[in-house]
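Residue numbers (full-length UniProt numbering): 1 to 241. Every residue, glycine too, gets a C-beta built ideally from N, C-alpha and C.
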Amino acid sequence: MHSHPQLTLALDAAPAVSFDSFHVDSATALVRDSMRAFVDGKLNEQQIFLWGESGTGKTHLLSAACQALSQKGYRVAYIPGEMVNQPGALDGMEQVELLCFDDLQRLDHASEVDVFHCINRCREAETRLVIAADRAPDQLGLKLADLQTRLGWGLVSHTQFMEEDGLRLAFRKEFEARSLEVSDEVLSYVLRRFPRRMATLKYVVNTLDDVSLSEQRRITVPFIKSVFGEAERAALAGRVR
1 MHSHPQLTLA LDAAPAVSFD SFHVDSATAL VRDSMRAFVD GKLNEQQIFL WGESGTGKTH
61 LLSAACQALS QKGYRVAYIP GEMVNQPGAL DGMEQVELLC FDDLQRLDHA SEVDVFHCIN
121 RCREAETRLV IAADRAPDQL GLKLADLQTR LGWGLVSHTQ FMEEDGLRLA FRKEFEARSL
181 EVSDEVLSYV LRRFPRRMAT LKYVVNTLDD VSLSEQRRIT VPFIKSVFGE AERAALAGRV
241 R
């Protein structure tokens, strides 16, 4: 199967993740399960719109969908928010089997018509669509009313943060996946002092894994304090999405 060069570049922008690595609890499992069913062709929808705050896993779910279908030989494209406004970025995207728009709240008014026509072409070509933004379609402030209507076609799902117990369990699993043993005190400290986003917590785990290995030290609260200063903990709130 020949690949469109633009489609390959678009897919390269998506992190290599899976549905299995998307941590859930009782409050967040439905969105993950719906996305998995959508990718497997078991959901009677051609389009899904995901909306929710930064850090609730939208990019992970879009990327997992791309990876799952790409591994089966399907053509997929992932369009990050910074790319959607580029001239010609959406040309030919109806040729793929799955098209994902991420961070659509970054869409410029001047590009609304391009997205509108792209969605129409995808609908006609039976291309599946997954669209993500930090707000629901009717809260995006779009000037093109027809585009707002198009975004509401299909399933609209709200992504949410995990509750305390689910987040703690997911955090422990991230340590265990790297064969790291940590105490409840360590888990409580990190959850108390760092932003409670899985992307942030994974960054923390990866950093602690690297430093503890290089320095041959156990992961304790004093060790974490030595690795992450007060300024860096504050910066993580905005740097790791």
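Query raised in the report: At which residues does the beta strand (DSSP E) containing Leu155 begin and terminate?
Result: DSSP places Leu155 in the uninterrupted beta strand (DSSP E) bounded by Leu155 to His158.
**Report entry** Rounded straight-line distance, which links the Cα of Phe171 to that of Met198
**Finding:** Each residue's alpha carbon lies about 8 Å from the other.
Query raised in the report: Who pairs with residue 293 in a beta bridge, going by DSSP?
Result: No answer is possible for residue 293: the residues shown for the chain start at 1 and end at 241.
Query raised in the report: Helix or strand or just coil, what does DSSP make of Thr8?
Result: Confidence in Thr8 is poor, its pLDDT being 42 and thus under 50, which makes the residue's placement too unreliable to answer from.
Query - Status (buried if at least 16 other CB within 10 Å, exposed otherwise) for Asp20 - result: It counts as exposed.
Query - Candidates Asp108, Leu90, Trp51 and Leu62: closest to Leu151 by CA position - result: Considering only alpha carbons, the answer is Trp51.
Query - N- and C-terminal bounds of the alpha helix (DSSP H) containing Ile219 - result: Run containing Ile219: none; DSSP gives neither H nor E here.
Requested in this report: Could you spell out where the beta strand (DSSP E) holding Ala77 opens and where it closes?
Outcome: Going by DSSP, Ala77 is part of the beta strand (DSSP E) stretching over Val76 to Ile79.
Query raised in the report: In whole angstroms, what separates the C-alpha of Phe161 from that of Leu169?
Result: Taking the straight line from one Cα to the other gives about 14 Å.
Query raised in the report: Under a Cβ-count criterion, where at least 16 other Cβ atoms within 10 Å of its own Cβ denotes burial, should His158 be classed as buried or exposed?
Result: Exposed, since its Cβ has fewer than 16 Cβ neighbours within 10 Å.
**Report entry** Coarse secondary structure for Phe175, derived from DSSP in three states
**Finding:** The DSSP-derived three-state label of Phe175 is helix.
Requested in this report: Please state whether DSSP places Leu99 in a helix, a strand or coil.
Outcome: Under the three-state reduction of DSSP, Leu99 is assigned to strand.
Query raised in the report: For Asn120, which of helix, strand or coil comes out of DSSP?
Result: Helix, per DSSP.
Report task. Would you kindly check if the distance between the Cβ of Ala77 and the Cβ of Leu104 is under 8 Å? Result -> Not in contact: Leu104 and Ala77 (Cβ atoms no closer than 8 Å).
Report task. Could you tell me whether the stretch 68-77 touches the stretch 170-187, using the rule of 3 or more Cβ pairs below 8 Å? Result -> Between the stretch 68-77 and the stretch 170-187 there are fewer than three C-beta pairs closer than 8 Å, too few to call the two in contact.
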